[in-house]
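Q:
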Amino acid sequence: MKKKIKVLMVGFLCVCLMLTLSTGCAQDEEEAAVYPEGPITLIVNYGGGGGTDLTARAIAKAAEEHLGVPISVVNKTGGVGTTGIVEMLNKKPDGYSVGIVTYSPIAIVPHQMEVPYTPDDFKYICAYGIYKYGLAVKNDSPYETVEELIEAAKESEKGLSYGASGYPQPFVYEKLSKLEGAKFIHIPTQSGTETNTVLLGGHVESVVAIMSDLMPFVESGEMRILASASSDRLDIAPDVPTLVEQGYGVEINSYMGIAVHKDVSDEKVEVLREAFAKAFEDEEFQDIMKKSKIPAKFISGEDYGQLCKDGYKESEEVMREMGVID
Amino acid sequence: MLELLFEGFINVLFTPASLFALIGGVVIGVVLGSIPGLTATMAIALIIPITYYMDPVQSLIMLMGAYNGGTFGGSLAAILLGAPGTPAAAATVADGLGLALQGKAGKAIKMALSASVTGCLFSCVILILVAAPVARYALKFGPAEYTVLMVFSLTIIGSAAGNSMTKGLIGGVLGLLFGMVGLDRIASVPRFTFGVIDLAGGIDLVVMLIGLLALSEIFVQVESVAGGKLDAHLPPPKNSEDDKLSLKEYLANFKTIMRSAAIGCGIGALPGLGPTLASYIGYDMAKRSSKNRSLFGKGALEGVAAAESANNAVCGANLIPLLALGVPGDAMAAIMIGAFMVQGLTPGPLVFREAPDVVAGLYAGLILSNILLFVFITFAYKMFTRVARVETTIIFPVVFIFCVIGVYALNQSMTDLWIMLLFAAIGYVLTKFGYSPATLMIGFILSPLFEVNLRQALLISGSNPLVFFSTPITWVFWIITVVSVYKIVKSKKAAEEA
Amino acid sequence: MNIKESRVDQIGGIILGIFSLLLYFVIIPLEVGDTSKFGVSPRFLPQILALLLMFLSICQVISGYKKRGQEDQKIYTINPNELKLILKSLGVFIIYIIALNITGYLITTVVALAVFMFLYGQRNIKRIVLVSVGIPIAIYLFFTKALTMVLP
């Protein structure tokens, strides 16, 4: 009986090995001039059902038409958005593995933990969505403007607390307190939802958050927007100026984009860029973006790459000043 | 409101598409929930893409049906295999399997079913009648209040410790430590990640559950195979009584069920806690106030009722903050926000004005999902028990495969499979030598909740520990905590003297 | 093999004690970042837990020592056959997970399922083939068609 098991196990291993060899050989043969001729895999670095996943699937579906091959979408969650990106980089750079590369895991997370890449390891296809950030208080808050908030923070002994989940959100207050000498205390929250909850419960004085998270509460009148923390004004509050317009010279932005390994040939990258640029115009995709409350914005591959590289350097500086990294 | 609700019922019952969506949701939920490795969340992921093509009411009730069905379905695997199908069923395992091994699987399932349905219906009533005030009150829970609530929850580790307090506490401490793996949730620096980037997001609850409680439990049971026992996994019922749940038995546990339902409602209404914690607290409270304490963990019907009522009560209750404020009660409710938005609706107070018919339909669907669940299981439970009577040589390998594929599918991560296997080994060794995987699990769940809130509260207060005594809510939980610790110490002393 | 509870307590206590020392003096300083930016350091709670674990392990050693002469101790049995079976199961698991990446889902799972069933004493070839082929295909269809998920 023991022997039988051993034989079985060895057999199992042998079968596995043989199959590896055979599949390995088959793959080497396919290197053709036409691109793309087979299905493309799009690796999404966040889980199914979320905003990133939803919009990624929509743009992939639209791009299928222009590429003429199916795109299968795979979610690789974990590592705060970095696992999916590493997964994409680990695949053969043959242009058949494309990754959703969002801004934060490229420009910010590498400063918090070790990751096996830098922004220079990619060729960027495009960015298709932009996260806008807003600075908000509860409707019964005594602060009507950013200026009042800063004045109060200056006078307060222990400082005013603010809620923010993840990065780059806290950069806003960090720069404000440095510019104005006001004291703000960062209360890190676990999600955009928790940021809303602590503000609505009155446990923090203000928050800075992604607009799509704040929107419902601004619409219902439970929160007030004091400023747009991004480079443009917000659609929901077109009268509220940005922080830059208010004279504070602070802005944060974050993007959703697509990239491939840097060793993918330029011709293939060009094909992908063209296809996704066309896919961006697709009506169904635009509709999904609208419903997800993520502003659609097309940024070319070169520009997105530059944004990531600049953001990478800038966030390192800011985070060093903040004292969150050494 | 009542009129609207009535219309909602009519709408759901007499629109074939709606009724079909609801039935489909419940069935998919139960089936996926009952297979260890596949979870209610997976059922939701399966349904979400379909909902794009449905009207709002249909999509929402299908999701709610799947969630309710999935939360119950987890208990089927817990009872029949001793391996919880979903995290929320973890507290059901000990008593559920205990009953099943006595041939009372049918009775245990029916108890779980009645308790689940009662719990969920209770939370529906709360949701419909007093959602707004309850949600407003829940907002008063800030980091300080949550911290004290977690201090109380930590006492569950003590009372779940079993024979040896030291061994139980060791499990709890290890669980708390495992819960800290990943990027620090406050300062974003890596902790215990050993350079593995897949660990940056921490250990997934489901991966932990499948390894520590499901696989390891099967390993323990596999031993019977080595002992030469090759027959069916579960004994057949000894008599027809064992397969039934009498009204008397239900009523005898009614107090327990209602207590758990209330606990589940409270936990569900507080954003961020979830059904697993609810069922542990519900179970613990039932154990403490029961006359038959010694039966708990070995096959107490009361234990099954307590855990199952509490976790299904969360299904309705997590809609309380979602609908009243737009803040989801747990991970599942967060997915619901997405489903609302795809339909062009925003959950929150506005939805009552914008689409009262959708809200009414959702209420009606949630209530009907319980009735459907009851009918479905009453007819189909024999099928599930029959599966559990298949030979162990078939059922264990098949469950193994489901665990591996289910865990892989969760994040499509190979690392998760290794973590699962590691915890299966840890769980096996712990069980083998009288340590407690259950307390490890409780510690693991509480770890982030306790630590994050503690540190947030200290940040807000400028490191002033008095913040934990600053509001009436904190005092109430301190008092409950002190009473709880006193009771644990007293009962341990009594157990030692006996 | 039988182990008395007093031994389990003592050995378990010593192992955990060593682990807690390792945790406090090696693992935490190496693997947990330190920053004072957010009040309580990320190291603070892990350190407290390590100390708590140390205390509990000492309690265990002491309680094991106290129990050592007692007659009515709980006995933990380890049957060598059982242990072998568990280790073999773990071995198959490890090979299965490694092979999953190499040979793909379907074949690996069919083989693994058959091996598991054989390992646990199923000798009815018809059943082995039926289950080990049928179930993986059903899972495969469910995941790829219904969940549109990609299996390795």
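Heads up: the sequence lines are chains D, F and V, in that order.
Here the first sequence is numbered in my numbering, starting from 14 and rising by one per residue.
Here the second sequence is numbered in my numbering, starting from 14 and rising by one per residue.
Here the third sequence is numbered in my numbering, starting from 66 and rising by one per residue.
The C-beta atom is built at its ideal place from N, Cα and C for all residues, glycine as well.
Source: prediction; values computed, not measured.
1) At 3 residues or longer, and completely inside the stretch 168-252 of chain D: list those beta strand (DSSP E) runs for me, N to C.
2) Nearest CA to the CA of Gln356 of chain F: which residue from D:Lys171, D:Ile271 and D:Lys303?
3) Short of 7 Å in beta carbon distance, which residues of its chain neighbour Gln71 of chain F, apart from the five on each side in sequence? Order them along the chain.
4) Use the C-beta contact count for Gln135 of chain V: other C-beta atoms within 10 angstroms, 16 or more gives buried, fewer gives exposed.
5) Taking only beta-carbon atoms, is Gly447 of chain F less than 9 Å away from chain V?
6) State the Cα-Cα distance for the pair Ala227 of chain F and Ile418 of chain F, rounded to the nearest angstrom.
7) Once DSSP output is grouped into helix, strand and coil, what is the label at Ser449 of chain F?
8) Can you say whether Glu207 of chain D is buried or exposed, counting buried as having 16 or more other CB atoms within 10 angstroms of its CB?
9) If I measure Cβ to Cβ from Gly6 of chain V and keep anything under 7 Å in the same chain, skipping five residues before and after, which residues do I get?
10) Roughly how many angstroms lie between the CA atoms of Gly3 of chain D and Phe165 of chain F, to the nearest whole one?
11) Taking the DSSP output, what are the residues bridged to Ala149 of chain D?
12) Are the CB atoms of Ile348 of chain F and Thr54 of chain F within a distance shorter than 9 Å?
13) For a cutoff of 9 Å on Cβ pairs, would you count Val82 of chain D as touching chain V?
14) When the cut-off is 9 Å and only beta carbons count, does Tyr141 of chain V lie next to chain F?
15) Could you check the C-alpha separation between Ile163 of chain D and Phe85 of chain F for me, to the nearest Å?
16) Does Ser101 of chain V get closer than 9 Å to chain D when you measure Cβ to Cβ?
17) Name the chain F residues that come within less than 8 Å of Ile162 of chain V, Cβ to Cβ?
18) What is the rounded straight-line gap between the Cα of Gly91 of chain D and the Cα of Thr428 of chain F?
19) CB Leu423 of chain F to CB Ile159 of chain V, shorter than 9 Å?
20) For Leu212 of chain F, collect the residues of the same chain with a Cβ closer than 7 Å to its Cβ; drop the 5 residues on either side in sequence, then sort them by chain order.
21) For the stretch 378-410 of chain F, which residues have a CB atom closer than 8 Å to at least one CB atom of chain V, in sequence order?
22) Throw me the rounded Cβ distance for the Leu59 of chain F and Thr52 of chain F pair, which I believe falls under 8 Å.
23) Tell me whether Ser305 of chain D sits in a helix, a strand or coil according to DSSP, three-state version.
24) Would Val495 of chain F be called buried (16 or more neighbouring beta carbons within 10 Å of its own) or exposed?
25) Compute the distance between the beta-carbons of Glu327 of chain D and Ala120 of chain D, then report whether it is under 9 Å.
26) Would you kindly report the start and end of the unbroken alpha helix (DSSP H) that includes Lys120 of chain F?
27) At least one CB of chain F closer than 9 Å to the CB of Ile167 of chain V: is that the case?
28) At what residues does the alpha helix (DSSP H) containing Gly82 of chain F begin and finish?
29) Since Gly336 of chain D meets chain V, which of its residues come closer than 9 Å, beta carbon to beta carbon?
30) Give me the residue from V:Ile76, V:Ser85 and V:Glu147 with the minimum Cα distance to Phe120 of chain V.
31) Only counting the same chain, and skipping five residues up and downstream in sequence, which positions put a Cβ closer than 7 Å to that of Thr487 of chain F?
32) Any beta carbon of chain V sitting closer than 9 Å to that of Ile492 of chain F?
33) Spatial neighbours of Ser35 of chain D within its chain, please: C-beta separation below 7 Å, excluding the five flanking residues on both sides.
34) Identify, in the order they occur along the chain, each residue of the same chain with its Cβ nearer than 8 Å to the Cβ of Ile276 of chain F, setting aside the five sequence neighbours on each side.
35) Would Tyr66 of chain F be called buried (16 or more neighbouring beta carbons within 10 Å of its own) or exposed?
36) Span of the alpha helix (DSSP H) holding Asn103 of chain D?
A: Looking at the atomic coordinates:
1) 173-178, 197-202, 219-223 and 236-241
2) Considering only alpha carbons, the answer is D:Lys303.
3) Ala30, Ser31 and Ala34
4) exposed
5) Yes, Gly447 of chain F counts as interfacial toward chain V.
6) If you take the alpha carbons of Ala227 of chain F and Ile418 of chain F, they lie about 14 Å apart.
7) coil
8) buried
9) Any question about residue 6 of chain V goes unanswered here, given that chain V covers just 66 to 217.
10) This structure leaves residue 3 of chain D out entirely; chain D is present only between 14 and 339.
11) D:Val220 and D:Ile238
12) Taking 9 Å as the cut-off, the Cβ atoms of Thr54 of chain F and Ile348 of chain F count as close.
13) no
14) yes
15) Rounded to the nearest angstrom, the two C-alpha atoms are 51 Å apart.
16) Taking a beta-carbon distance threshold of 9 Å, Ser101 of chain V counts as an interface residue toward chain D.
17) Val417, Met427, Leu430, Trp431 and Leu434
18) 10 Å
19) Taking C-beta atoms as the reference points, Leu423 of chain F and Ile159 of chain V fail to come closer than 9 Å.
20) Val194, Gly195 and Thr206
21) Glu404, Thr405, Thr406, Ile407, Phe409 and Pro410
22) That pair is no contact at about 11 Å.
23) coil
24) exposed
25) yes
26) Looking at the DSSP string, the run of the alpha helix (DSSP H) that includes Lys120 of chain F is Ala118 to Leu152.
27) no
28) Note, Gly82 of chain F: alpha helix (DSSP H), Pro69 to Leu94.
29) Thr100, Ser101 and Lys102
30) V:Ser85
31) In its chain, beyond the 5 residues on either side, Ala157, Glu158, Val161 and Phe481 have a beta carbon closer than 7 Å to the beta carbon of Thr487 of chain F.
32) Output row for Ile492 of chain F: interface = no.
33) Note that Ser35 of chain D scores a pLDDT of 45, beneath 50, so its modelled location is shaky; the value from the coordinates is reported in the next line. Counting only Cβ-Cβ distances below 7 Å, and skipping sequence neighbours, we find nothing.
34) Only residues of its own chain outside the window of five on either side were considered, and among them Ala291, Ile294, Gly295, Met298, Ala323 and Ala326 have a CB closer than 8 Å to the CB of Ile276 of chain F, listed in chain order.
35) exposed
36) Thr95 to Asn103
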